[in-house]
Amino acid sequence: MVLDLYKSDNPRAFWQNLRVLPSTFDAVLEKIRQNLVFSSPGSLWPQLPVNFQLAITLYHLWRNGNGASVESIGQWAGVLAGCVVKSTWWVMQAVLDLRDNIMSDVTVWEKEDAKKTVEKLSCKGWRDGWCMVDGTTIPLEWKLGLYGEGYFDRRSSYSLNLQLIGLPNLRIIDYEIGHCGSAHDSTCFKDTKTS
Numbered sequence: 000m001v002l003d004l005y006k007s008d009n010p011r012a013f014w015q016n017l018r019v020l021p022s023t024f025d026a027v028l029e030k031i032r033q034n035l036v037f038s039s040p041g042s043l044w045p046q047l048p049v050n051f052q053l054a055i056t057l058y059h060l061w062r063n064g065n066g067a068s069v070e071s072i073g074q075w076a077g078v079l080a081g082c083v084v085k086s087t088w089w090v091m092q093a094v095l096d097l098r099d100n101i102m103s104d105v106t107v108w109e110k111e112d113a114k115k116t117v118e119k120l121s122c123k124g125w126r127d128g129w130c131m132v133d134g135t136t137i138p139l140e141w142k143l144g145l146y147g148e149g150y151f152d153r154r155s156s157y158s159l160n161l162q163l164i165g166l167p168n169l170r171i172i173d174y175e176i177g178h179c180g181s182a183h184d185s186t187c188f189k190d191t192k193t194s
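Take the sequence shown: its letters are residues 0 to 194, numbered as in numbering that gives the first Met the number 0.
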């Protein structure tokens, strides 16, 4: 229903389910569609179409608490829980494979432009702080078996840290995923290629 009706006839309902606009969905789909992770030659069980897998993944990523269980997401999508897990894994692998294609290094001119913007919008002393770092935690469904307590965050849940590094013009230039939920921005930032 989300892909068939809401995408073309009710963009607001589409956004409420997947948290992206239909045009954004189509743009991401176009970027990941040809990834080899979506081909399963010789398999007795073919994968779902890539657009279904992307919709399942987006729905999955925006859920938390009781609504985040793979069983409830599977019921929403009309598939088994294992299909939710595999679809999410395949889509995330395809997205992560895009890193080098969509995130190019900052040029000398972009860096200087960012420094000028920071100086103009704040003060001269902040000029060298030309990167913006923002992050969030990604809730985990359960406590990890190995070093699980390290992933216990300030919100009393288990999570991974996601940091986005951007320029003042909002261009994302790098990201870091996977630190413990309680890691500070500076800890995550030092492991990026931007630092």
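Each residue gets a CB set at the ideal place from its N, CA and C atoms; glycine is no exception. Bear in mind that the values here come from a model prediction, so they are computed numbers and not experimental data.
Decide if C130 is buried, meaning its Cβ has at least 16 other Cβ atoms within 10 Å, or exposed. Around the C-beta of C130, 16 or more other C-beta atoms lie within 10 Å, and the residue is accordingly described as buried.
Does the separation of the CB atoms of I55 and A80 fall below 8 Å? It is not a contact, given that the beta carbons lie outside the stated cut-off.
Just mark V90 as buried or exposed, buried being the case when its beta carbon has 16 or more other beta carbons within 10 Å. Classification for V90: buried.
In the structure shown, what three-state DSSP assignment does T106 receive? In the structure shown, T106 adopts coil according to DSSP, grouped into three states.
Just reading off the alpha helix (DSSP H) that L60 is part of, what are its end residues? Counting along the chain, the unbroken alpha helix (DSSP H) around L60 starts and ends at V49 to L60.
Answer with buried or exposed for S39, where buried requires no fewer than 16 other C-beta atoms within 10 angstroms of its C-beta. Exposed, because fewer than 16 other Cβ atoms sit within 10 Å of the Cβ of S39.
Best match in K6, F151, F13 and D173 for proximity to N100 [C-alpha to C-alpha]: Closest option to N100, Cα to Cα, is D173.
Delimiting residues of the alpha helix (DSSP H) encompassing D99: DSSP places D99 inside the alpha helix (DSSP H), whose first and last residues are R98 to I101.
Here's the rule: buried if 16 or more other CB atoms are within 10 angstroms of the residue's CB, otherwise exposed. What is S42? Exposed, by the Cβ-count rule.
Check for me: the beta strand (DSSP E) holding P21 runs from which residue to which? Not the beta strand (DSSP E): P21 falls in the alpha helix (DSSP H), residues P21 to I31.
Extent of the continuous beta strand (DSSP E) to which G41 belongs: That residue, G41, is in no beta strand (DSSP E); it is neither H nor E in DSSP.
Compute the Euclidean distance between the alpha carbons of V78 and S156, then round it to the nearest angstrom. The straight-line gap from Cα to Cα measures roughly 28 Å.
Per-residue DSSP class, three states only, for V132: In the structure shown, V132 sits in a strand (DSSP, three-state: E or B).
Classify N16 as buried or exposed, calling it buried when 16 or more other Cβ atoms lie within 10 Å of its own Cβ. With 16 or more other Cβ atoms inside 10 Å of its own Cβ, N16 counts as buried.
Where L196 sits in the DSSP three-state scheme: Absent from the model: residue 196. The displayed extent of the chain is 0 to 194, so no value can be given.
Distance, Cα to Cα, S86 vs L60? C-alpha separation (whole angstroms): 12 Å.
In whole angstroms, give me the CA-to-CA distance for N50 and L28. N50 and L28: Cα-Cα distance of roughly 7 Å.
Range of the contiguous alpha helix (DSSP H) that encloses S156: Following the DSSP letters along the chain, one finds S156 in no alpha helix (DSSP H), marked with neither H nor E.
Alpha carbon to alpha carbon, how far is L2 from N9? Give it in angstroms, no decimals. Distance between the alpha carbons of N9 and L2: 10 Å.
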